[in-house]
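Here's the structure, in C-alpha cells; my notes come after.
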Amino acid sequence: MSFIGVVANKKCFEHIKNKITQEIKEETINFVQINLRSIENIKNIKFEMLIIEDNLDKFKKNEEIVEKLLENSKYLMLNTDKNPKCEKIKELPNKISYGLNQKATITVSSISDTDILIYCQKNLKNKEGNIIEIEEKRIKKKTKNALKTYEILIIYTFFKIYNKTIIEEI
Numbered sequence: 001m002s003f004i005g006v007v008a009n010k011k012c013f014e015h016i017k018n019k020i021t022q023e024i025k026e027e028t029i030n031f032v033q034i035n036l037r038s039i040e041n042i043k044n045i046k047f048e049m050l051i052i053e054d055n056l057d058k059f060k061k062n063e064e065i066v067e068k069l070l071e072n073s074k075y076l077m078l079n080t081d082k083n084p085k086c087e088k089i090k091e092l093p094n095k096i097s098y099g100l101n102q103k104a105t106i107t108v109s110s111i112s113d114t115d116i117l118i119y120c121q122k123n124l125k126n127k128e129g130n131i132i133e134i135e136e137k138r139i140k141k142k143t144k145n146a147l148k149t150y151e152i153l154i155i156y157t158f159f160k161i162y163n164k165t166i167i168e169e170i
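When we follow this note's numbering, the leftmost residue of the sequence shown carries the number 1, and every step to the right adds one.
Put into C-alpha cells, the structure is as follows:
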C-alpha cells in the first residue's frame, strides 16, 4: 500500500487522484491532501511520494512538520515554478522538479490546444531502481480536458516512477 501526499488545492488534488486511480487499478494507492488544516494530523505519515504543487510559503508556521514530511518521503515531486527558492529541498535525494522553467527535470517543450510535448531532461530511477532515460513524449489533450499543464506533468511523472504505461491521451 502506497501513501501519496499532495500539497495542492482541492480541485487539483481531485484531478490528480481521479486520473491516476482511473488508470492504475491493480495497486492500492492512498492519496492524502495536505493543507493547513490537515498538516498537524499527518506529521508522522511516511509518504512514498510527496507532490508539492502549491507554494510552500503558506506553511511557514509548520516548517518543522514540512521538513519531517520531506525527509520521510521516498520521492519528492516539486513544482519549481511555484517554489523557486526551496534551499532545503535541493539537498534531498530522489527529488524531481517539474514546471515550465528550463531548469526543471520534467518540463514542457511545446504546448498547443490539442497536445503537449513533455521533456524529461535527465535520467531518473523508477520505483524498481531502473533508469528512466531522457525522452520527449507527446500527449494528446482530450477536447473537454479539465487537466491543467502542471497536473499533466504530475501524472506523467507519476506513471514513469511507477513504471506504468504512459497514456497517449489525457
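No residue lacks a Cβ here, since even glycine has one placed at the ideal position from N, Cα and C.
A quick note: this is a predicted structure, and the numbers were derived from the prediction, not measured.
Using DSSP with H/G/I as helix, E/B as strand and the rest coil, what is GLN102?
Looking at GLN102 - three-state DSSP - the assignment turns out to be coil, as it is neither helix nor strand.
So the alpha helix (DSSP H) GLU23 belongs to, where does it begin and stop?
Unbroken alpha helix (DSSP H) run through GLU23: 10-23.
Using C-beta distances below 8 Å, list every residue in its chain close to ASN126, excluding the 5 sequence neighbours before and after it, in chain order.
Once the five neighbours on either side are set aside, the close Cβ partners of ASN126 are ILE132, LYS160, ILE161, TYR162 and ASN163.
If you reduce the DSSP assignment to three classes, tell me which class LYS46 lands in.
It is coil, neither helix nor strand.
State buried or exposed for SER178, treating a residue as buried only when at least 16 other CB atoms are found within 10 Å of its CB.
Past the edges of the chain, shown from 1 to 170, lies residue 178, and the structure says nothing about it.
Within its chain, find whatever has a CB closer than 6 Å to the CB of SER97; leave out the 5 residues flanking it on each side and keep chain order.
Taken in chain order, the residues that qualify are LEU78, THR80, ALA104 and THR105.
By alpha-carbon positions, which one of PRO84, LYS142, MET49 and SER38 ends up nearest to GLU71?
For the residues PRO84, LYS142, MET49 and SER38, the minimum Cα distance to GLU71 belongs to MET49.
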